[in-house]
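The opening residue of the sequence shown carries number 58 in our numbering; numbering runs sequentially from there. Note that the Cβ used here is the ideal one computed from N, Cα and C, for glycine as well. Keep in mind the model is a prediction, meaning the values are calculated, not measured. Working notes for the structure below.
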Amino acid sequence: MSEWGAIGFACGFAIFAVFGLILLHTIRRVLLRTEDVLGKAGHEISQLAAESKELLAQTSATLSQLKARTEEVKPFCESLKLAGESLSNTVQRADAIAQLVTDTAMERLEKARRENELRLAEAFRWLDAGLSVWQSIKRQSPSPADDDA
Numbered sequence: 058m059s060e061w062g063a064i065g066f067a068c069g070f071a072i073f074a075v076f077g078l079i080l081l082h083t084i085r086r087v088l089l090r091t092e093d094v095l096g097k098a099g100h101e102i103s104q105l106a107a108e109s110k111e112l113l114a115q116t117s118a119t120l121s122q123l124k125a126r127t128e129e130v131k132p133f134c135e136s137l138k139l140a141g142e143s144l145s146n147t148v149q150r151a152d153a154i155a156q157l158v159t160d161t162a163m164e165r166l167e168k169a170r171r172e173n174e175l176r177l178a179e180a181f182r183w184l185d186a187g188l189s190v191w192q193s194i195k196r197q198s199p200s201p202a203d204d205d206a
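Given below as structure tokens:
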């Protein structure tokens, strides 16, 4: 019986060895696939790194050009600012002059109105006096209808 035990043990060992080989073969295939996937991922990562490096270089060049253009435009913007400030000061001065002219004109008009008011009042007094004298003369003189009768 010990022969049967040895044969069973040998068969068990052979089955165990076959399963071990199948398991090792499966693990090997998984590892090969994993290596293939990792290789492809590494290649894609390398491409992405190269593209990123190129993009960063282009972005850096664009930013340098933008900075240069900004430096070129800066004096123009400064002169526009100075022109705006000058225009603002000119407008403020023009407003002040216009206000002064308006105030002076209003004062002169008020003065002329007062003088004309005095002159017109005097003229109306003389006119009133003249009309009063004429009215009194007209009352004292006989009417032409009375002479004809």
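Roughly how many angstroms lie between the CA atoms of residue i and residue j, to the nearest whole one?
| i | j | result |
| --- | --- | --- |
| threonine 161 | serine 143 | 27 Å |
| aspartate 152 | alanine 178 | 38 Å |
| aspartate 93 | serine 103 | 15 Å |
| serine 145 | arginine 170 | 37 Å |
| leucine 184 | glutamine 192 | 12 Å |
| glutamate 172 | leucine 139 | 49 Å |
| lysine 97 | cysteine 68 | 43 Å |
| phenylalanine 70 | isoleucine 64 | 9 Å |
| alanine 106 | arginine 85 | 30 Å |
| phenylalanine 133 | serine 109 | 36 Å |
| serine 198 | valine 190 | 12 Å |
| leucine 157 | glutamate 128 | 44 Å |
| lysine 124 | lysine 131 | 10 Å |
| phenylalanine 73 | leucine 88 | 22 Å |
| arginine 126 | histidine 100 | 39 Å |
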